[in-house]
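All remarks here apply to the structure that follows.
2 protein chains.
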Amino acid sequence: MPTDDDILDVATRAFAEKGFDGARIDDIAHRAGVNKATLYYRIGGKDALYARAMERILGPKIARAERALVEIPDVEARLRLLARLLVDGADHEHASRFAAIMLREIAAGASTLPDTALALMGRFLAAIERTVAEGVAQGIFRPINPFLAHMALVGSGMLYAVNEPVRRRIADIAPGQSKDHMFLSPEDAARQVADMLLNGIRKP
Amino acid sequence: MPTDDDILDVATRAFAEKGFDGARIDDIAHRAGVNKATLYYRIGGKDALYARAMERILGPKIARAERALVEIPDVEARLRLLARLLVDGADHEHASRFAAIMLREIAAGASTLPDTALALMGRFLAAIERTVAEGVAQGIFRPINPFLAHMALVGSGMLYAVNEPVRRRIADIAPGQSKDHMFLSPEDAARQVADMLLNGIRKP
DNA sequence: TCCACTTTTAACCATTCGGTTGAAACCTCA
DNA sequence: TGAGGTTTCAACCGAATGGTTAAAAGTGGA
């Protein structure tokens with residue numbers, strides 16, 4: 001018998017691929033190997049399913065980010081870790097699902113984002129902002145707008161994590177040139193994103 | 205009588221707010237002040253409506269970007285212009301709608317993106333990549349991965365353009381701190397994004 | 001005025017979706 | 001064996017949705 005976690009995993013994938021509106025309850029129940037009535041009995045309606053899927057995917061990342069605030073004193077190393085949290089995950093699929101859901105939510109103005117999930121996002125943002133602010137206070141970083149630094153890190157990272165299919169389609173319709181640089185490993189991508197950001201905000 | 209352009213404008217807003225699946229034909233027709241049958245008579249079904257809306261919003265940006273390739277020899281100035289094209293637009297709403305649609309499409313793996321629109325996106329990417337490559341060849345930029353530079357620019361810019369509602373919600377639930385740095389004008393945001401990227405890729 | 005084109009009106013259809021229900025089956029543990 | 005919780009099954013509901021159409025009404029120019 002599938003556990004709640006199994007169901008949430010399937011639901012997360014569905015929400016990432018199709019969005020909240022596009023995901024189908026029947027489909028999720030069927031793919032999780034559970035009856036629709038069971039899903040309602042165990043978890044509840046679509047809203048509850050979404051909220052729990054979000055907390056499940058956001059929670060561990062936030063916890064890791066906040067642990068880094070006290071465990072990693074070096075601000076550059078800490079920013080690198082935060083970049084990895086965004087681009088990479090327990091596995092790459094996990095990270096790309098996370099990014100897809102977040103991008104959709106941001107595009108929708110967080111209108112369907114449950115309050116609990118929004119609070120978690122806010123804490124991640126706070127972790128990045130605090131790290132940048134520490135770096136500025138230590139004289140390591142330029143007096144950069146920490147919120148824009150957050151945008152740069154999250155934007156580059158999540159966009160890269162999620163847009164592999166788009167890259168593939170673009171590469172297909174523009175043949176002739178070498179496309180190797182478009183397909184990096186998640187680790188390389190996270191490192192290069194962090195490098196670029198750090199070069200951009202480090203004091204000369 | 206509303207013109208086709210009026211209808212496309214309403215449709216673009218609807219697609220940006222709700223996504224392709226979420227947008228309702230009846231709603232678009234009603235808000236455009238035109239009958240649904242007229243919409244079908246003049247433009248066609250939902251697919252045609254989406255394709256034309258995309259071309260309308262992408263076309264001018266691509267044209268401007270490709271003009272810059274020959275008109276602006278200075279690679280840094282050119283990159284700044286490309287950043288502005290992403291963050292800012294004819295008006296700010298226009299830019300944020302563009303960004304919202306693009307983010308949704310990227311999150312969906314460009315699965316519903318018409319081929320014509322995808323080709324336009326590819327040309328924008330090519331413009332950024334070529335500019336970065338020129339800068340590298342001139343010895344101005346580090347040998348950066350041009351595709352990642354594209355991610356950084358597009359990611360930061362579009363994320364910022366679109367997430368004003370999210371910032372507002374986050375600011376609301378985390379009171380007490382100053383939030384001024386979270387709300388920049390589009391011009392300031394575009395400039396700071398470009399600054400960060402240029403500092404990140406410029407040779408020391 | 002007549003004609004071709006455009007727009008509206010209003011209905012229709014087949015499909016889909018989230019959610020519910022009630023009865024039957026199953027399982028576990030005492 | 002029996003009771004209580006869990007799961008399945010299949011059908012159903014009501015509301016929307018995308019798409020289409022036939023006929024009437026309106027429009028402007030030759």
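Protein chains in written order, with the numbering used here: chain A, 1 to 204; chain B, 205 to 408.
Even glycine gets a Cβ: it sits at the ideal position worked out from N, Cα and C.
Where residue i falls, given that 16 or more other Cβ within 10 Å makes a residue buried
i             : result
residue 37/A  : exposed
residue 407/B : exposed
residue 386/B : buried
residue 396/B : buried
residue 320/B : exposed
residue 263/B : exposed
residue 281/B : exposed
residue 73/A  : exposed
residue 143/A : exposed
residue 335/B : buried
residue 237/B : exposed
residue 70/A  : exposed
Boundaries of the alpha helix (DSSP H) in which residue i is found, first to last residue
i             : result
residue 199/A : 186 to 201
residue 165/A : 164 to 173
residue 25/A  : 25 to 31
residue 60/A  : 46 to 71
residue 75/A  : 75 to 87
residue 135/A : 115 to 137
residue 219/B : 208 to 226
residue 142/A : Run containing residue 142/A: none; DSSP gives neither H nor E here.
residue 112/A : That residue, residue 112/A, is in no alpha helix (DSSP H); it is neither H nor E in DSSP.
residue 106/A : 92 to 107
Residue i: contacting residues in chain A (beta-carbon distance under 7 Å)
i             : result
residue 370/B : 106, 109 and 110
residue 367/B : 106
residue 401/B : 200
residue 373/B : 110 and 118
residue 304/B : 107
Chain-ordered neighbours of residue i on chain B, where CB pairs are closer than 8 Å
i             : result
residue 103/A : 307, 308, 310 and 311
residue 226/A : This structure gives no information on residue 226/A, because the portion of chain A shown stretches from 1 to 204.
residue 182/A : 351
Closer than 7 Å at the beta carbon, the chain B residues around residue i
i            : result
residue 94/A : Per Cβ cutoff of 7 Å: no residues; residue 94/A is ~15 Å from chain B at best.
beta-carbon residue i near the ligand FAD non-hydrogen atom, thresh 6 Å
i             : result
residue 277/B : Judged by which ligands are present, the structure shown has none, so any question about the ligand FAD falls away.
Interface partners of residue i on chain B, CB under 9 Å
i             : result
residue 173/A : 319, 322, 323 and 326
Closer than 8 Å at the beta carbon, the chain A residues around residue i
i             : result
residue 397/B : 148, 151 and 152
> For the segment 143 to 158 of chain A, which residues have a beta carbon sitting closer than 8 Å to at least one beta carbon of chain B?
Replying inline: 144, 145, 146, 147, 148, 149, 151, 152, 154, 155, 156, 157 and 158
> Going along the segment 216 to 236 of chain B in order, which residues come within less than 7 Å of chain A, judged by CB to CB distance?
Replying inline: From the segment 216 to 236 of chain B, only 223, 225 and 226 have a Cβ closer than 7 Å to chain A.
> At a Cβ cut of 8 Å, what residues of the segment 322 to 339 of chain B count as close to chain A, listed as they run along the chain?
Replying inline: 322, 323, 325, 326, 329 and 330
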